[in-house]
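One structure is given here, and the rest of the page talks about it.
Chains as they are written, first to last, in the working numbering: chain A, 5 to 181; chain B, 1393 to 1735.
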């Protein structure tokens, strides 16, 4: 069964006809030609397909494209119009990638994670559910546990996130579309 | 993935009508489990009824206390909700221990309840599985059973229910609200999932044409403490080997006036430790009492071959959780540092 859907991807409107079986990930890559999100495990376990849907990080491999009709999708490629997004810049500065396959998902995940922490959302390692969130290394690792890196670049990814954490909030917002 | 018709009904009645009209219809919410099972060929719905945009996405205080959680409330939002964090920390803790942030942003309250076992044989369509294909046999018996049952299993199925949230709901005495063609039905959360018996393909008591629309929590008990502890093979993003949700009320004399315990990772449903609860009610809080209660509960454990390690693991987890809660409830005063007693 085919259906016509609309997706706003990295600020641009796309109307595509998809088989109902198409995932958001496959629609982005195969129909819209946005190769930023990567297909790793294709079962929601590795995080390399992470994108922001209506500003929240999700695994695009487990979402049917038809169910995301009319949603706003941001991939790592669309995080900034001019220059690099502060999270992307931090990844460069700290050498937070090796093969780079997981990097677009990691970058989207960091952007979503900073939003969540900024809104005061606790994590599994947060001791006091009512206390203000402090992004310690332990919190960063727990909050990034949905993104696996087979090169094990984790120490530098944590360093990149620390760099963004310590930057001024205004810089952190970056040039988000 | 097998082809299917996609429907996005306007309201809950239309969703229930679609489920009633088509035997092969399944509701879709966050998709974190259903879409995965469709990719694996385990789930093959003819009609996918997308209920994710139905307005069931708020947490509302109930008249007289308590809260009603819409079935579409995302796991991430529920865990972070101020009312849940304050009044039902066991639920926040359980949700935060589950899956990954990306999945919690998609997964919903209703979908979490209806997620299916992660038994590797259930997920592998090349192997027999009574849960996936009734009558075909159980490949898990004699196979890889690290995540399998300790209580309530049968010759037909030894799978465990994977939800953390459901374990917390069982200990909270929550109620699942389901909408069917005949109207709403209320089901105690502790009775929502069922033991496998000779019909392991049925995970819950929900009828095929019923839609989970909400979960209701009773008013919180003043002075009670609760928490959830999950033991797993790695620190994050893994299913429970065993888990314990507990709720404890202790009076000024350090006597236990209310206790509820539910265990995850050990049965086809959240396992309410009724025997341990009965033994502890009215007794002074002490580590020895907690150990005695854990032993009483585990006396009837029949761990499947390969899961024997879960019995001492669950014993220690129950004791540790109760000890920590007793310390929290009494500001560290209760005689909780006593010996565990003989095993």
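Ideal Cβ positions, reconstructed from N, Cα and C, are used throughout, including at glycine.
Comparing the C-beta of residue i with each C-beta of chain A, is any distance below 7 Å?
i                       : result
residue 1546 of chain B : no
residue 1698 of chain B : no
residue 1436 of chain B : no
residue 1481 of chain B : yes
residue 1424 of chain B : yes
residue 1583 of chain B : no
residue 1393 of chain B : yes
residue 1472 of chain B : yes
residue 1398 of chain B : yes
residue 1428 of chain B : yes
residue 1555 of chain B : no
residue 1618 of chain B : no
residue 1477 of chain B : yes
residue 1484 of chain B : yes
Put residue i into one of helix, strand or coil per three-state DSSP.
i                       : result
residue 1613 of chain B : coil
residue 1622 of chain B : strand
residue 1678 of chain B : strand
residue 1445 of chain B : coil
residue 1684 of chain B : helix
residue 7 of chain A    : strand
residue 1398 of chain B : strand
residue 127 of chain A  : coil
residue 1404 of chain B : helix
residue 1635 of chain B : strand
residue 112 of chain A  : helix
residue 15 of chain A   : coil
residue 1655 of chain B : strand
residue 63 of chain A   : strand
residue 1576 of chain B : strand
residue 1740 of chain B : Residue 1740 of chain B lies beyond the range of chain B shown here (1393 to 1735); nothing can be said about it.
Going straight from the alpha carbon of residue i to that of residue j, what length do you get?
i                       : j                       : result
residue 1432 of chain B : residue 1672 of chain B : 45 Å
residue 15 of chain A   : residue 148 of chain A  : 26 Å
residue 1414 of chain B : residue 1670 of chain B : 45 Å
residue 1402 of chain B : residue 1462 of chain B : 16 Å
residue 1675 of chain B : residue 1649 of chain B : 8 Å
residue 1708 of chain B : residue 1628 of chain B : 20 Å
residue 1608 of chain B : residue 1637 of chain B : 18 Å
residue 125 of chain A  : residue 163 of chain A  : 21 Å
residue 169 of chain A  : residue 1582 of chain B : 42 Å
residue 171 of chain A  : residue 119 of chain A  : 14 Å
residue 107 of chain A  : residue 101 of chain A  : 6 Å
residue 1514 of chain B : residue 1695 of chain B : 19 Å
residue 1457 of chain B : residue 1451 of chain B : 13 Å
residue 1533 of chain B : residue 1703 of chain B : 18 Å
residue 1490 of chain B : residue 142 of chain A  : 17 Å
residue 1410 of chain B : residue 1480 of chain B : 35 Å
residue 1663 of chain B : residue 1710 of chain B : 12 Å
residue 22 of chain A   : residue 1483 of chain B : 38 Å
residue 1594 of chain B : residue 1408 of chain B : 19 Å
residue 1700 of chain B : residue 1552 of chain B : 14 Å
residue 1679 of chain B : residue 1705 of chain B : 16 Å
residue 146 of chain A  : residue 1492 of chain B : 9 Å
residue 78 of chain A   : residue 30 of chain A   : 15 Å
residue 1510 of chain B : residue 87 of chain A   : 43 Å
residue 36 of chain A   : residue 12 of chain A   : 11 Å
residue 179 of chain A  : residue 94 of chain A   : Reliability of the predicted coordinates at residue 179 of chain A is poor, the pLDDT of 43 falling under 50, and no value is obtained from them.
From the options, pick the residue whose C-alpha is nearest to that of residue i; which is it?
i                       : options                : result
residue 1643 of chain B : B:1612, B:1723, B:1680 : B:1723
residue 1588 of chain B : B:1549, B:1480, B:1554 : B:1549
residue 128 of chain A  : B:1615, B:1620, B:1712 : B:1620
Return no unless some Cβ of chain B is closer than 7 Å to the Cβ of residue i.
i                      : result
residue 25 of chain A  : yes
residue 9 of chain A   : no
residue 60 of chain A  : yes
residue 146 of chain A : yes
residue 48 of chain A  : yes
residue 15 of chain A  : no
residue 54 of chain A  : yes
residue 63 of chain A  : yes
residue 183 of chain A : One cannot answer for residue 183 of chain A here, as it falls past the ends of chain A, which runs 5 to 181.
residue 67 of chain A  : yes
residue 180 of chain A : Caution applies to residue 180 of chain A, whose pLDDT of 49 falls short of 50 and renders its modelled position unreliable; the value that the coordinates give is listed next. Judged by the 7 Å Cβ criterion, residue 180 of chain A is not in contact with chain B.
Does residue i come within less than 7 Å of chain C when only Cβ atoms are used?
i                      : result
residue 156 of chain A : Note that chain C does not occur in the displayed structure, where the protein chains are A and B.
Near-chain A residues of the region 1625-1642 of chain B - C-beta to any C-beta below 7 Å: Cβ proximity to chain A below 7 Å picks out 1628, 1629 from the region 1625-1642 of chain B.
Cβ-based contacts, 8 Å cut-off: residues of the region 99-114 of chain A near chain B: 113
Chain-ordered residues of the region 1487-1501 of chain B with a beta carbon less than 8 Å from chain A: 1488, 1489, 1491, 1492, 1493, 1494, 1495, 1497, 1498
The region 1667-1693 of chain B: positions lying closer than 8 Å to chain A by Cβ: Closer than 8 Å at the C-beta level to chain A, one finds no residue of the region 1667-1693 of chain B.
Interfacial residues, the region 120-150 of chain A to chain B, with Cβ spacing under 9 Å: Within the region 120-150 of chain A, 120, 123, 124, 125, 126, 127, 128, 129, 130, 133, 134, 145, 146, 147, 148, 149, 150 place their CB atoms closer than 9 Å to a CB of chain B, listed in sequence order.
Chain A contacts from the region 1431-1462 of chain B (Cβ-Cβ distance under 9 Å): 1431, 1432, 1440, 1442, 1444, 1445
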